[in-house]
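Residue numbers (the working numbering), protein chains in the order written: chain A, 116 to 371; chain B, 6 to 262.
Encoded structure:
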């Protein structure tokens, strides 16, 4: 059950994934999403830092480097709140499965790594719905760095944690910043009862484990009969060319 | 003279609040009570006395001011999101406008602080503990003036200034579309919440049902007491290049459109 802060339960299921950059969590969530849709479930999807209303402020703050650890913390909470109020909560009330790529634990990791008080951030997010399952894809720092830094990508200012002055070198700063976040995640596993997945294992093995954990929660969840259009095509001798286009555009873009 | 800063809970900004030589003066109160006129008068008076003055107001921050106004124009913001956007704008102005000005010895006059935001959230049913925690990083001002006027006195002032507004009439909250009726009801609820938190936050009440001049005189008396041990600093007004004052160029300026 997904649970409101006051203890009331919602009919939908909230499944979220967490992990440091390069843990493979987004890939796993995408596979899970495709499987659930294929099984005919009604699935809503929400990605960290994607509110259309709040996004402009965040982008402006990042571009002009106006964000301090405190305003960084607050604007991400605003983004989360907007998605909670307009996306996740209505879908959960309707009985859908909501998949979230990163949740409040990302803020607990990043904001605390930036020096914001643990208690302050936790209270800030006290309006958040408690997830049905919170997966944490655990991967050693060296492995995630290898996955992210191969090919020497251009690291962004805040992504690398350059705003807190751990090091002037973006790569060095990124490593130190990620290791702080990893420490916070390890602390949260017990505090929030996160479901740990060993993210060093082969991709499909991880996905099997994820599905096995999700499956028992799928009883009585809203389903859509997607067989409908196939019947029309067969009976009318149509190919569904434009229908395929439409379904393609309904699939969200790969994140980041 | 420097004083130890205090905060409403978490001292997240303690490092930025060392050696505050200025004074933080807050004017709070409902819509149409005359805050901005009084700030304009106080600013002129204090500058004539030789003090360096900076002003701040809600939704004027570089980071989130414009975004907040745009989002409010759309009328699609949820309550929690709006509180967090207000908090972001407030944090930005506190860190980038008010605290640097206070460090440099300015008198900072701010048109509303955290209290209007807290009151409007409480009227909309926010969790009282949550909204207090949200603003617990705020610096405790040197004085908070609460300008208080009856709703019947607010109406003509709002009409003269700009007419009724969607948010000031609480149309997001109250049933019906009647701007006048809803203004009365919404402002009545705001006043009740201001009263409810007045003691907790140590508001200095000013009866704003009286003439603008009478209100100004009261404010002047209190502020004179507050700045008695500050020296007017004519140098501050010249804003010498390369001096410490450089960093506080922001506060006086209007935010870009």
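Cβ coordinates follow ideal geometry from the N, Cα and C atoms, glycine included.
Along chain A, in chain order, which residues have C-beta atoms closer than 9 Å to that of residue 13 of chain B?
Ordered by position in chain A, no residue passes the 9 Å Cβ test against residue 13 of chain B, which lies about 12 Å from the chain.
What residues from the region 237-261 of chain A come within 9 Å of chain B, judged by C-beta to C-beta, listed N to C?
238, 239, 241, 242
Could you pull the DSSP bridge partners for residue 232 of chain B from this structure?
Paired residues: none, contrary to the question.
So with CB distances below 7 Å, who are the chain B contacts of residue 197 of chain A?
83, 86
Please report the distance separating the alpha-carbon of residue 110 of chain A from that of residue 215 of chain A.
Nothing in the structure corresponds to residue 110 of chain A, since chain A is present only between 116 and 371.
Return yes when the Cβ of residue 228 of chain A is within less than 8 Å of the Cβ of residue 240 of chain A, no when it is not.
no
Which residues in chain E have a C-beta closer than 8 Å to the C-beta of residue 116 of chain B? List them in chain order.
Of the protein chains in this structure, namely A and B, none is chain E.
What does the Cβ neighbour count give for residue 91 of chain B, buried or exposed, with the cut at 16 atoms within 10 Å?
buried
Can you tell me whether DSSP reads residue 161 of chain A as helix, strand or coil?
strand
Less than 8 Å between the beta carbons of residue 13 of chain B and residue 141 of chain B, yes or no?
yes
Give the range of the beta strand (DSSP E) segment to which residue 223 of chain A is assigned.
Taken as a continuous stretch (DSSP letters only), residue 223 of chain A belongs to no beta strand (DSSP E), being part of the alpha helix (DSSP H) at 219-228.
Proximity test, Cβ basis, 8 Å: residue 351 of chain A and chain B
no
How would you write the range of the beta strand (DSSP E) that residue 59 of chain B sits in, first residue to last?
58-62
Is the beta carbon of residue 220 of chain B closer than 8 Å to that of residue 39 of chain B?
yes
If you drop the 5 nearest sequence neighbours on each side, which residues of the same chain put their C-beta closer than 6 Å to that of residue 255 of chain B?
At residue 255 of chain B the pLDDT is 44, less than 50, meaning the model places this residue with poor confidence and gives no usable figure here.
Quick check on DSSP: helix, strand or coil for residue 241 of chain B?
The predicted model places residue 241 of chain B with a pLDDT of 49, which falls under 50 and marks its position as unreliable; any figure quoted below should be read in that light. Looking at residue 241 of chain B - three-state DSSP - the assignment turns out to be helix.
Along chain B, which residues have their Cβ under 7 Å away from the Cβ of residue 193 of chain A?
86, 89, 90, 93
Do the CB positions of residue 188 of chain B and residue 169 of chain B come within less than 8 Å of each other?
yes
Is it the case that the Cβ atoms of residue 99 of chain B and residue 60 of chain B are separated by a distance below 8 Å?
no
Cα-Cα, which of A:143, A:315, A:184, A:165 is closest to residue 384 of chain A?
The structure shown does not extend to residue 384 of chain A, since chain A is modelled only from 116 through 371, so no value can be given for it.
Just checking my contact of residue 112 of chain B with residue 211 of chain B at CB under 8 Å: how many whole Å lie between their CB atoms?
With 8 Å as the limit, residue 112 of chain B and residue 211 of chain B do not qualify as a contact, their Cβ atoms being about 18 Å apart.
Say yes only if the C-beta of residue 94 of chain B is nearer than 7 Å to one or more non-hydrogen atoms of the ligand FMN, and no if none qualify.
Ligands in the displayed structure: none, and consequently the ligand FMN is not present.
Coil, strand or helix - residue 332 of chain A by DSSP:
helix
Taking 6 Å as the limit between beta carbons, can you name the residues of its chain near residue 96 of chain B, skipping five residues before and five after?
none
Could you give the DSSP three-state label for residue 370 of chain A: helix, strand or coil?
With a pLDDT of only 38 at residue 370 of chain A, under the threshold of 50, the placement of this residue in the model should not be trusted, and no figure is reported.
Between which two residues does the beta strand (DSSP E) harbouring residue 129 of chain A extend?
128-133
Length-filtered (4 minimum) alpha helix (DSSP H) runs lying within the region 143-211 of chain A
170-178, 184-198, 204-208
Assign residue 166 of chain A to one of two classes, buried (16 or more other C-beta atoms within 10 Å of its C-beta) or exposed (fewer than that).
buried
Exposed unless 16 or more other CB atoms sit within 10 angstroms - verdict on residue 361 of chain A
exposed
Cα-Cα separation between residue 140 of chain A and residue 312 of chain A, rounded to whole angstroms
10 Å
Three or more beta-carbon pairs under 8 Å between the region 125-139 of chain B and the region 68-83 of chain B, yes or no?
no
Is it true that the CB of residue 31 of chain B sits closer than 8 Å to the CB of residue 146 of chain B?
yes
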